[in-house]
Structures are given as C-alpha cells and as structure tokens.
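*Asks:*
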Amino acid sequence: AREDLIAHGVNVSEVFHYAGGPFNNAVKNPRVDGPDPQGRSYYSFASFEDPDGNSWLLQEITTRLAGREWEQKRARTMDVATLAELLRETSEHHDHYEKTHAEHHWWDWYAPYLSARQNGSSPKEAVAAADRYMEEVFHVPP
40 AREDLIAHGV NVSEVFHYAG GPFNNAVKNP RVDGPDPQGR SYYSFASFED
90 PDGNSWLLQE ITTRLAGREW EQKRARTMDV ATLAELLRET SEHHDHYEKT
140 HAEHHWWDWY APYLSARQNG SSPKEAVAAA DRYMEEVFHV PP
C-alpha cells in the first residue's frame with residue numbers, strides 16, 4: 040500500500056514501529072525507524088496526510104488475528120454462453136441507468152453489477168450495488 044501511495048504522488052513516511060508495541064505513547068513507547076524487528080503482523084506502520092491535512096496511519100497486516108479474517112468470495116467460473124447472457128442482462132439494466140443519470144463510463148457501472156451477480160446477488164441487488172458504487176465512488180447524480 041505504501042508503494043502504491045508513493046506511485047500516486049503521496050508523501051508517505053518511512054516504515055516505523057513503536058519500541059513497546061503497536062500503540063503509541065510518545066514517552067513510554069517512542070517511534071523507531073524501520074519495520075518491527077520480529078516481523079510481527081500489526082506492528083509496522085507508515086503515515087501520510089491527505090490534501091485536507093488529515094493524518095492517516097498504514098498498519099502492516101501479514102497475518103490476521105483469529106476472527107478478523109476477511110471472507111474471500113471468488114467469482115464462479117462460467118462458460119462463454121453463460122457469460123454472454125450475463126453481459127446481455129447487465130446491458131439491459133445499465134440502459135435504464137444510462138438514460139436517467141449523468142454522463143459516465145459504462146464500464147464503471149458494469150463492473151460492480153457483474154461482480155455482484157457473480158457473487159450470488161439477484162439482478163435487483165446487483166443494480167442497487169452498481170448504483171451505490173457510482174454514487175459513492177464517482178458521485179454520478181441522477
């Protein structure tokens with residue numbers, strides 16, 4: 040994540056850790072240059088500021104603690120005919136969106152719709168997911 044931010048022009052600190060563990064107390068737990076010497080998950084950090092001056096802290100997580108794992112859903116594989124039908128369905132639902140919303144790139148709407156459908160959502164749920172994505176990410180007004 041640090042390298043991605045730097046590649047996008049963000050000024051990100053060098054990696055650091057805290058002498059006494061992952062939480063900062065400037066007196067009892069000073070910041071130390073470099074990653075956690077034991078390579079522990081949750082113990083190495085980098086920081087940056089956004090254009091509004093808000094400070095952000097990146098935390099390296101290589102292994103999640105029990106109960107904090109993200110469920111990985113993989114899109115099911117499908118044959119070409121099934122994919123073609125899903126694209127046709129997506130096109131039909133996008134047609135309404137395109138006629139009722141501001142100008143946008145069709146692929147930005149298709150991607151969340153297709154992803155939702157491939158992960159088990161109904162067409163109605165997929166439309167809601169795609170619409171929400173366009174509003175939240177691209178601020179496309181109706």
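Just so it is clear: in the sequence shown, position 119 is 158 by my numbering, and no numbers are missing. Ideal Cβ placement from N, Cα and C applies to all residues, glycine included. Predicted model only: the values in this text are computed from it and were never measured.
Quick one: using the 10 Å Cβ neighbour count with 16 as the cut-off for buried, is T139 buried or exposed?
*Replies:* That one is exposed.
*Asks:* Would you list the residues sitting across from R70 in a DSSP beta bridge?
*Replies:* Beta-bridge pairing links R70 to Y57.
*Asks:* Rounded to whole angstroms, what's the CA-CA distance from D89 to D43? Just pull it up for me.
*Replies:* If you take the alpha carbons of D89 and D43, they lie about 14 Å apart.
*Asks:* Among the residues of its own chain, which have a CB less than 8 Å from the CB of E175, if the five just before and after it don't count?
*Replies:* Within the same chain, E175 has no close Cβ partners at all.
*Asks:* What is the DSSP secondary structure of S80, reduced to helix, strand or coil?
*Replies:* Three-state DSSP puts S80 in coil, outside helix and strand.
*Asks:* Below 8 Å between beta carbons: does that hold for R171 and A165?
*Replies:* No, these two residues do not count as a Cβ contact at 8 Å.
*Asks:* Among R103, F87, Q77, which residue has its Cα nearest to the Cα of H47?
*Replies:* The option with the nearest alpha carbon to H47 is F87.
*Asks:* Taking just the CA atoms, how far does T116 sit from E131?
*Replies:* Whole-angstrom Cα-Cα distance: 22 Å.
*Asks:* Is it buried or exposed, E75, if we count other Cβ atoms within 10 angstroms and call 16 or more buried?
*Replies:* The residue asked about is misnamed: residue 75 is Asp in this sequence, not Glu. With 16 or more other Cβ atoms within 10 Å, it is buried.
*Asks:* Am I right that P61 and Y82 are in contact with their C-beta atoms under 8 Å? What's the rounded C-beta distance?
*Replies:* Yes, P61 and Y82 are in contact; Cβ-Cβ is about 5 Å, under 8 Å.
*Asks:* Let me check understanding here. Comparing Cα to Cα, which of A85, P162, P151 lies closest to I45?
*Replies:* The shortest Cα separation from I45 among A85, P162, P151 belongs to A85.
*Asks:* Could you tell me the distance, in whole angstroms, from the CA atom of D147 to the CA atom of D134?
*Replies:* Approximately 13 Å, taken between the alpha carbons.
*Asks:* Pick helix, strand or coil for F87, following the three-state DSSP scheme.
*Replies:* Reduced to three states, the DSSP call for F87 is strand.
*Asks:* How long is the line joining the alpha carbons of S94 and A58, rounded to whole angstroms?
*Replies:* Using only the alpha carbons, I get a separation of about 21 Å.
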